[in-house]
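Participant:
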Amino acid sequence: MSEAIQITKQALVYIDREHYKTTIDTAGHQIIADEPEDKGGTNLGPDPFSMLLSSLGSCVVITLRMYADRKEMDIDRIAADVTMDSDQNINVAIEIDGDITDKQRQRLKQIADMCPVNKFLMKEASITKEIV
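Under the numbering used here, the residue at position 98 of the sequence shown is numbered 106, and the numbers go up by one with no gaps.
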């Protein structure tokens, strides 16, 4: 029986008195999150749910690009329009520009479900918090 590979990701997230600008340091990058002005923020970056949808969308298109490149598919562009409704149902509309068959299109739809963020969101996560 093979052991599962442990992957650790980390993000240092902090906020000061600037409502509600949040700085995220992760993997050598700095990202700003915020809330829109109508919610008391300064709209300097996407809100947390938009970042979640962006994470899913980027994972889907990266996964599809990796697969398409490996299979030498003639694809110029892959786009994902990720939306969430008020009931927190997420929809991912994927647009593929390229010369591919219907069979390849159907396979790419299956591959999209294999993106790690999609798989993670489909199961319940265990989250612990502590004040240090």
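All residues carry an ideal CB built from backbone N, CA and C; glycine is no exception. Owing to the predicted nature of the structure, the values given are computational and were not obtained by experimental measurement.
If you follow the beta strand (DSSP E) that Gly53 is part of, which residue opens it and which one closes it?
Facilitator: Counting along the chain, Gly53 falls outside any beta strand (DSSP E), and DSSP gives it neither H nor E.
Participant: Do you know offhand how far Ala120's Cα is from Val68's?
Facilitator: Ala120 and Val68: Cα-Cα distance of roughly 5 Å.
Participant: Please state whether DSSP places Arg73 in a helix, a strand or coil.
Facilitator: Here Arg73 sits in helix by DSSP.
Participant: Just curious, the alpha helix (DSSP H) that Val125 is in, first and last residue?
Facilitator: Element bounds for Val125: Pro124 to Met130.
Participant: Quick check: what's the CA-CA separation for Ser25 versus Lys47?
Facilitator: Note on residue identity: the sequence assigns Arg, not Ser, to residue 25. Approximately 15 Å between the Cα atoms of the pair.
Participant: Can you check whether the CB of Gly65 is closer than 7 Å to the CB of Val90?
Facilitator: Yes; because the gap between Cβ atoms is below 7 Å, this pair is in contact.
Participant: Opposite Leu20 in the DSSP bridges: which residues?
Facilitator: Answer by DSSP bridge pairing, in chain order: Asp33.
Participant: For Asn51, which residues from the same chain have a beta carbon less than 7 Å from its beta carbon, with the 5 sequence-adjacent residues on both sides left out?
Facilitator: Excluding positions up to five away in sequence, the list reads Asp42, Pro44 and Glu45.
Participant: Which residues bound the alpha helix (DSSP H) around Ala120?
Facilitator: Run containing Ala120: Asp110 to Ala120, per the alpha helix (DSSP H) assignment.
Participant: Do you know offhand how far Ile104's Cα is from Lys111's?
Facilitator: Cα to Cα, the separation comes out at about 13 Å.
Participant: Using only CA atoms, which one of Ala76, Tyr22 and Thr34 lies nearest to Thr16?
Facilitator: Thr16 has its Cα closest to that of Thr34, out of Ala76, Tyr22 and Thr34.
Participant: Hey, how far is the Cα of Ile108 from the Cα of Ile83?
Facilitator: If I take the Cα positions, the gap works out to 7 Å.
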